[in-house]
Amino acid sequence: MPGVYESCATRKFHHGRTETIRSLTPDSHALARCLVDGEAGDKLALLQKAAATHTQVSKDASNGMGCVSCLRGFREGCLETKRPVACFGLVWTQVP
Numbered sequence: 001m002p003g004v005y006e007s008c009a010t011r012k013f014h015h016g017r018t019e020t021i022r023s024l025t026p027d028s029h030a031l032a033r034c035l036v037d038g039e040a041g042d043k044l045a046l047l048q049k050a051a052a053t054h055t056q057v058s059k060d061a062s063n064g065m066g067c068v069s070c071l072r073g074f075r076e077g078c079l080e081t082k083r084p085v086a087c088f089g090l091v092w093t094q095v096p
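Those letters in the sequence shown? Residues 1 to 96, per this note's numbering, in order.
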């Protein structure tokens, strides 16, 4: 399944910005598989679990703890120390 991007406002912070909500979670994937592939499972329970996970992911993002914030902080720290920025086996940039 492709990743899904959903934006979230962080306006509670000074100079608030948008943050990334990654809607594709293991719980939403399990629900989608159950619905599309006809896998056995309690559809209501899967829906409730996926909704609860999405609610938590959304709250985390609005509090500045989204996926992008963590990776951006890691990248900025590496740039400040003039170290290679490597994450998940990929090199983003090298400070000259």
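From the three backbone atoms N, C-alpha and C, an ideal C-beta is built for every residue, glycine too. Just so you know, these numbers come straight off a predicted model, no measurement behind them.
C-beta atoms of residue i and residue j nearer than 7 Å
i   : j   : result
D27 : T53 : yes
A50 : L31 : yes
Per DSSP, cross-strand counterpart(s) of residue i
i  : result
A9 : T18
Assigned exposure category for residue i - 16 Cβ within 10 Å defines buried
i   : result
V95 : Residue confidence for V95 is low, a pLDDT of 40 falling below 50, so the modelled location carries little weight and cannot support an answer.
E80 : exposed
L35 : exposed
L46 : buried
Below-7 Å beta-carbon distance, residue i vs any chain C residue
i   : result
A32 : In the structure shown, chain C cannot be found, because there is only a single protein chain.
Distance, residue j Cα to residue i Cα
i   : j   : result
H15 : Q48 : 34 Å
K82 : E76 : 10 Å
Decide yes or no for the touch test of the stretch 55-65 against the stretch 19-37: beta carbon pairs closer than 8 Å, at least 3 of them.
yes
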